[in-house]
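So the sequence shown is numbered by the working numbering: it starts at 361 and just counts up by one. The C-beta atom is built at its ideal place from N, Cα and C for all residues, glycine as well.
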Amino acid sequence: MKVSLNWLKQYVDIVVSPAEVAHKLSMAGTEVKGMEVIGENWGGIIVGQITAVNPHPNADRLTLVTIDVGTRQETVVCGAPNVRVDAKVAFAPVGSSLIDPRNGELTTLKSAKIRGVVSSGMACSERELGISDEHEGILILSDDTVIGIPLVDYLGDVIFNMDVTPNRPDCLSMVGIAREIAALTGQRIHLPEDSYEETELPIDEQMSIEITAPDLCSRYCASLITGVTIGESPYWMQERLLSYGMRPINNIVDITNFVMLEYGQPLHSFDYERIRGKKIIVRRADDGEEIISLDGVEHTLGGDTLVIADEQRAVAVAGVMGGANSEVTESTTSILLESANFNPTSIHYTGRTLDMPSEACMRFERGIRPELTMLALRRATQLIAEFGGGKAAQGIIDVYPGKKEPQPISISVAEVKRVLGIEFSVRQIMDTLTALGFDCEEEGSGVKAIPPYWRSDVSIPVDLVEEVVRIIGYDIVPTAMLSQPIPRQNPNPVVELKRTLSNHLAGCGFNEILSYSLTSLEELNKLSVKPYAVAPLPLRLVNPMTTEQEYLRSSLRANLLTALSSNRRHEDGGIRLFELGKVYLPQPDDLPDEPDFLCGILSGTWPVKSWRSGGELPDFFEVKGIIEGLLDYLGIKATFRESSDRGLHSTKQAAIVAGSNELGIVGELHPEVLENFEISEPVYLFEINLPMLLPLTTGHGAFEPIPRFPSVVRDMALVLDAGVAHQKVMDIISGFPLVVQVSLFDVYSGDQVPEGKKSLAYRITYQSPEHTLTDKEVNKVQKKIMGRLSHELGAVLRG
361 MKVSLNWLKQ YVDIVVSPAE VAHKLSMAGT EVKGMEVIGE NWGGIIVGQI
411 TAVNPHPNAD RLTLVTIDVG TRQETVVCGA PNVRVDAKVA FAPVGSSLID
461 PRNGELTTLK SAKIRGVVSS GMACSERELG ISDEHEGILI LSDDTVIGIP
511 LVDYLGDVIF NMDVTPNRPD CLSMVGIARE IAALTGQRIH LPEDSYEETE
561 LPIDEQMSIE ITAPDLCSRY CASLITGVTI GESPYWMQER LLSYGMRPIN
611 NIVDITNFVM LEYGQPLHSF DYERIRGKKI IVRRADDGEE IISLDGVEHT
661 LGGDTLVIAD EQRAVAVAGV MGGANSEVTE STTSILLESA NFNPTSIHYT
711 GRTLDMPSEA CMRFERGIRP ELTMLALRRA TQLIAEFGGG KAAQGIIDVY
761 PGKKEPQPIS ISVAEVKRVL GIEFSVRQIM DTLTALGFDC EEEGSGVKAI
811 PPYWRSDVSI PVDLVEEVVR IIGYDIVPTA MLSQPIPRQN PNPVVELKRT
861 LSNHLAGCGF NEILSYSLTS LEELNKLSVK PYAVAPLPLR LVNPMTTEQE
911 YLRSSLRANL LTALSSNRRH EDGGIRLFEL GKVYLPQPDD LPDEPDFLCG
961 ILSGTWPVKS WRSGGELPDF FEVKGIIEGL LDYLGIKATF RESSDRGLHS
1011 TKQAAIVAGS NELGIVGELH PEVLENFEIS EPVYLFEINL PMLLPLTTGH
1061 GAFEPIPRFP SVVRDMALVL DAGVAHQKVM DIISGFPLVV QVSLFDVYSG
1111 DQVPEGKKSL AYRITYQSPE HTLTDKEVNK VQKKIMGRLS HELGAVLRG
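Take a look at the structure:
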């Protein structure tokens, strides 16, 4: 939010420097992110008055403008269409610093001969002064501007760029910020006058208001101004709006915007003559009801949308935007002015559903107080009567079904000390809260306070503590050691497991990524081969911000592959990525299941090419080895079995199994999936379900002493059918007593092996914890192994 220092000075005396104002506001909780000084480069630029406008002798579109600057008169060549005699302008003499409209850079004005006539300066536009992007004509100043004064004394300003927290809607206004400054600097706030003359005809005889949805509209006020003339707003008001970043439109629209920025209460003006039945009804929209908003867009409304209607149709979407059918136009002469308070949740929902963000919506959805409506309405009515030439009807319609009496909040000196660790007196507490607008009275050793009508964020005693310390200063709170030891932290097994997995994979050369939980159905469909089908259908957001973030992800794969595809454009070496995060799996008639998953991918040559090695592409066994090493580090014995994941290569994938639990999957991604993500190289993936993995890591490992007796190693070369899985052989051999380790060290098919067969060679380690094994014992076990392999798998020893 942009806040003008000159505007603030209308409500509070600024007795410290702008930098100090910014510091005090930031320390009190309303952060000033930056300051922009308007006019810091305006040295030499002064206010002048045009005394003559003559045609240029050598150019039809140029004029010779004579400008009186008080002590002298200067003639400049000007091409602006809005030059006129007696207009007050910003005159820049030769040597002044201005913004070059062509490139936006600061440049020094030089004397120039334009079509044979010397121009001794320039009448400046807003863009050349850096005020706005307006460059169609020169800046015309107010008629009351004094000739010859430096422009910086008249238009110079400091703009604070403020970051207002959602719980402080009162600070989305100039008066709200002024109140903060007054409390911080010990000054008093002075509000503008809002009195005006009224006609004899009461408004009740010309208009009526009905609220049929009091749960969505707690208060609705309206005034009526007749005999209005639509025209430009006064120059000073346009300046205020421009300092905030709003474009002036006409006196009526500018006044409603000005008062909204002044008090933080949105208002809306209707053309009174276009209100049918001369009645306003605040109601829920009918399902399918249509309205064309002020921006010309047609909207279809639902039954949860609050609308402002007359007796026949909706004329505005409450709290969001007005309707074109009641818009104030140049021919409007009577204004019905609305100031209301709406349910924050309803306005937030409507604004997002209809995609109609607005300044009004932003304030309503933060929960402004209903007491602001009358104050802002009287101020706007006064300004319209003054600058629109109208007459206000007698009285104001005020329908207030949600009126609540303010509740006092009590706090003791002891409670303040308990929370802050520092003691304040009752007088200090009362003075601080009173400066903020609280109605306070002493109550024993404490204070009873009623929050001011503009504050919606104060409701419990600790809120009062916060108000006291932020105004007096957080820096006075002493630093002290804790009075008791820090409580022992109970370890979180899930967090510890994630940390272990992350550290281990980082040691294996992987980089961790963090991605959004929201994705699109198109991205999820890419993970499967045609026909694409995500089953079950992922959860869709009711109000997605974009189509790219419309669904909750049901897999981590899409984000990893998108990251790989993006990084591959800038990196031609090996890329190893992983992510630890939640996926969201729909449950029938219930909330979604949200398990944590580990997913990783690797592609490209590894390690980095050097004089010793050119790097190698990964294969299935490398990624399988990474998983075996990871699970072994966790003390888990894993096996692998056949799987049928449609997103992976049908013959290069395997399920990861521990005991009877299937932990996840490992394999090469299907070429069609890679093509969907514009990846042209093999990519290997692993995926582990953490809720399935966690129970296997929480036990304590049993101590195993170093073996006292030597081991015996035997090799066994088997000929089997080509379709027999290596894991089945491993399972049979490992199941025999005395076998402590089995490893496959050779795979062969070709000459000397019958067609349709393959040769697998295993190294088997035998060992007994009780004695040294004899050849006879080992031969006996090996014979049994061979017998079972032959019986179950048809294996024969290779000759």
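In the structure shown, the three-state DSSP call for S1103 is strand. Excluding residues up to 5 positions away in sequence, M790, L793, T794, V807 and A809 lie with their Cβ nearer than 6 Å to the Cβ of C800 in the same chain.
Closest in C-alpha terms to G464, from the list G476, R487, D446 and S479, comes R487.
DSSP places I1124 within a strand segment (E or B) once states are collapsed to three. Under DSSP, E976 takes part in a beta bridge, and its partners are W966. Within the region 615-683, complete beta strand (DSSP E) segments of at least 3 residues are found at 627-631, 639-644, 650-652, 658-660, 666-669 and 674-677, given in chain order. Only exposed fits K890, as fewer than 16 other CB atoms lie within 10 angstroms of its CB.
In this structure, E910 sits near L881, with a CB-CB distance shorter than 8 Å. R475 is a Cβ neighbour of H416, given a cutoff of 8 Å. Taking a C-beta distance under 8 Å as the contact criterion, A674 and I651 qualify as a contact pair. Counting the other CB atoms within 10 Å of its CB gives G804 a total below 16, which places it among the exposed residues. Taking 4 residues as the shortest admissible run, the region 888-944 contains the following complete alpha helix (DSSP H) segments, listed from N- to C-terminal end: 917-928. Between the region 551-570 and the region 709-722, the count of C-beta pairs closer than 8 Å stays below three; the two stretches do not touch. Of all alpha-carbon atoms in E783, K997, H864 and E746, the one lying nearest the alpha-carbon of I1016 is that of K997.
Counted as a single uninterrupted DSSP element, the beta strand (DSSP E) harbouring S479 occupies residues V477 to S479.
Around the beta carbon of V828, 16 or more other beta carbons lie within 10 angstroms, which makes this residue buried. Taking the Cα positions, K470 is about 8 Å away from G481. The beta carbons of V1102 and Y1122 sit closer together than 8 Å. For G806, the enclosing beta strand (DSSP E) has its first and last residue at G806 to I810. Collapsing the DSSP output to three states places K384 in a helix.
When the Cα atoms are used, E496 and P461 turn out to be separated by approximately 11 Å.
R579 has N701 as its beta-bridge partners, per DSSP. Within a 10 Å sphere around the beta-carbon of V397 sit fewer than 16 other beta-carbons, which makes this residue exposed. Note: Q754 is bridge-paired with P562 in the DSSP secondary-structure output. Only residues of its own chain outside the window of five on either side were considered, and among them E783 have a CB closer than 6 Å to the CB of K777, listed in chain order. Looking at T589, R917 and A412, the one whose alpha-carbon comes closest to that of T435 is A412. Within the same chain, and ignoring the five residues on either side of G1024 in sequence, the residues whose Cβ sits closer than 6 Å to its Cβ are I1016, E1047, I1048 and N1049. If you compare the alpha carbons of R432, G408 and K473 with that of V445, the shortest gap goes to G408. DSSP lists F520 as the beta-bridge partner residues of M395. Annotation for D420: no alpha helix (DSSP H) segment contains it, though the beta strand (DSSP E) segment containing it runs A419 to D428. Secondary structure of E540 (DSSP, three-state): helix.
A check of alpha carbon separations from A379 across V437, P510, K473 and V518 identifies V518 as the nearest.
Under the three-state reduction of DSSP, K1118 is assigned to strand. For F980, the closest alpha carbon among the candidates M1090, V1079, F1000 and N703 is that of F1000.
In this structure, V1033 sits near G1007, with a CB-CB distance shorter than 8 Å. The Cβ atoms of L696 and A840 lie no closer than 8 Å to each other.
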